[in-house]
Structure formats: C-alpha cells, structure tokens
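Reminder that position 26 of the sequence shown reads as 26 in UniProt numbering, one-by-one numbering, no gaps. Reviewing the structure listed below.
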Amino acid sequence: MTITAVPVIKNVCLMVRGKVVLTGVPGNVVISPASSGSAFVGASSTSSSSRHVFSLGVLDFKEGGISPKFLIIDDGWQETTNEFQKEGEPLIEGTHLLKIWNLNKLTGVVGVFNCQGAGTWPMKQAPECNENSKPAAVSISGRVSPHDVEFLEEIAGETWDGECAVYAFNTGSLSRVPKNKTIEVSLGVLQCEIYTVSPIKVFKENVDFAPIGLIKMYNSGGAIEDCTFGDSIRIKARGSGLFGAFSSKNQGAVR
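Now the structure itself:
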C-alpha cells in the first residue's frame, strides 16, 4: 500500500509526507483510499492534504512476532527501522498530556487527558511495584489550540478568518482563540478536559457568532445539525437541554 508521505512523529501521532509503502500491517488497521492517489491508515478523508494516519499505539501492535514495517520511497528506496520513538508516552513518562480530536458537522472537539500512572504502552514491560507503592500525584500543564483539530477549515467555510470560540466542559470557560494561538490547560492524574471548538462567523457584518451546542454534554457541538444566517440566525439541533453560543453582541431575542 502506498501513501503520499515521509513519517514524522508529532503530538503522539504518525504524520506522513512523501511516498511510503506499508507492509505487515495488522488486519484490524483500516486502509481507506482517498483522492489524488493518496491513502489513509486508520482514518479516511476526502482531502488529499490530510497527513493524519493513526495513533502510535497501533504501531506497537505485534501479530505473530512481526511488527509493521515501513519502506520509504524517494529516488530509490530504503528500509526504515521497525521501531519508532514516540514523542512522549502519555501513560508513563510524566510530562505529556494525551490529546484526542474529532469533528462534528459544524464544530470540532478535543479531549485532553492526564493518563500518568494509568498503564503502559503495549509490548512494554510494566515497572514492578509493591503493595506500599503508590503512583505519584503528577499535575501536568499543556496547551490546546484550534489547530489541534484537523480539517476544521473544511467545516468552517471559505470566508472563515481563523477565529474560534473554545468552550471547556468541566470549567465552563469560553474563550476566543485564533487558530494559530493556544490556551493553557493543567490537569491532575486521571483528570480530563473536553473542549468544543467552534469556528466564528460574521452575521450582518457586525456580529461575530459561533454555536457551541448543548453545554451539559461532553461533546456539546455534536448536537448541532445546521446553522444558517439570514434575517436571523437559525440553528437546528437534536436533543434537548441548555444550549450555548458565542456572540460578540447581545441578541435581541432567542426562541
């Protein structure tokens, strides 16, 4: 199988640029074809610019003692090592938060987790411990950005200027964050925060607006089916509950 890429380790994910042949890929890894002759492992997309492949946890999977192998094709070809060094191991190394993203119809969502002491990576030997030993209480700080959500521009539309409303589920905070900026997050052991990332659009040339969704749900934006701009802003949602949105000005009426 060939994909357009050269492997790069970034944010605990394997990213690809160039041409790569994958062999010995486990049967439970899904390979989906995409446009421009490219392909994606563990993720599918209609965008040929995607470089997201799969989480590094999959790379540790061994079947019959054989690890997945990568062959890089340039002018000629050369075999790479079977073992990839991860940029931090969010379960055991004590310095990195684990981030997982997904897309809804109109928003993105980023889950941030402090998994320190929760386990070990597959095929790695767990450290020995006695009955008196307890995991250290490790608080870890990191940063979250709208840029963590791939393909966000595809749901934001052509007129989007990169501004986002970012809602944190646990703290209830709402921030305005440009796509290339970040906000800080600090989590204790086994704590998490879920961020809804909603692209901000301009209504009637003077109102910046972004729907958040049902804010009592972890994935708040998953409830939003549609949002249209005309004489008024009309939002179609599923389910019931407390609905939240970002607006640069007070709305005259909500119904």
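All residues carry an ideal CB built from backbone N, CA and C; glycine is no exception. Quick caveat: nothing in here was measured; it's all calculated off a predicted structure.
Let's test the definition: count the other Cβ atoms within 10 Å of the Cβ of residue i and tell me whether it reaches 16, buried, or not, exposed.
i, result
"V254", "exposed"
"Q116", "buried"
"N104", "buried"
"G157", "exposed"
"E154", "exposed"
"N114", "buried"
"I66", "In this prediction, I66 has a pLDDT of 39, which is less than 50 and means its spatial position is unreliable; what the coordinates show is noted afterwards. So I66 counts as exposed."
"K179", "buried"
"Y218", "exposed"
"D148", "buried"
"S220", "buried"
"I31", "For I31, the predicted structure reports a pLDDT of 41, less than 50, and the residue's modelled location is therefore unreliable. The matter cannot be settled from this model."
"K236", "exposed"
"S48", "Its pLDDT being 36, under 50, S48 is placed unreliably by the model, and the measurement read from it follows with that caveat. When all chains shown are included, S48 counts as exposed."
"residue 275", "For the chain, the structure presents residues 1 to 255; residue 275 sits outside this window and is missing."
"S173", "exposed"
"S240", "exposed"
"E205", "exposed"
"K249", "exposed"
Which residues share a DSSP beta bridge with residue i?
i, result
"F229", "I233"
"V254", "Note: V254 sits in no beta bridge, so no partner."
"F203", "V207"
"K99", "V112"
"V177", "C164"
Can you tell me whether residue i is helix, strand or coil according to DSSP?
i, result
"A210", "strand"
"G221", "helix"
Along the chain, where does the alpha helix (DSSP H) that runs through residue i open and close?
i, result
"A156", "L152 to A156"
How far does the beta strand (DSSP E) with residue i in it extend, from its first residue to its last?
i, result
"F113", "G108 to F113"
"S248", "Per DSSP, S248 belongs to no beta strand (DSSP E) and is neither H nor E."
"T196", "C192 to P199"
"G241", "Segment: none, G241 is in no beta strand (DSSP E) and carries neither H nor E."
"G172", "No beta strand (DSSP E) holds G172; DSSP gives it neither H nor E."
"residue 344", "As displayed, the chain neither begins before 1 nor continues past 255, which places residue 344 out of reach and without an answer."
"V185", "I183 to L187"
Of the residues the options, which one's Cα is nearest the Cα of residue i?
i, options, result
"V109", "N250, I224, S240 and I235", "I224"
"Q251", "D161, K99, F203 and N219", "F203"
"G162", "F169, G188, S145 and C192", "S145"
"I233", "T107, F169 and S247", "S247"
"T196", "C227, K216, R238 and I140", "K216"
"C164", "L214, N170 and S175", "S175"
"G142", "L98, N170 and L152", "L98"
"L242", "I212, N170 and T107", "I212"
"N102", "I140, L152 and S139", "L152"
"S139", "W160, V185, E205 and I200", "V185"
"residue 263", "K249, G230, A210 and F229", "With the chain covering only 1 through 255, there is no way to say anything about residue 263."
"G222", "T182, L214 and Y167", "L214"
"Q191", "T95, P199, N170 and R238", "N170"
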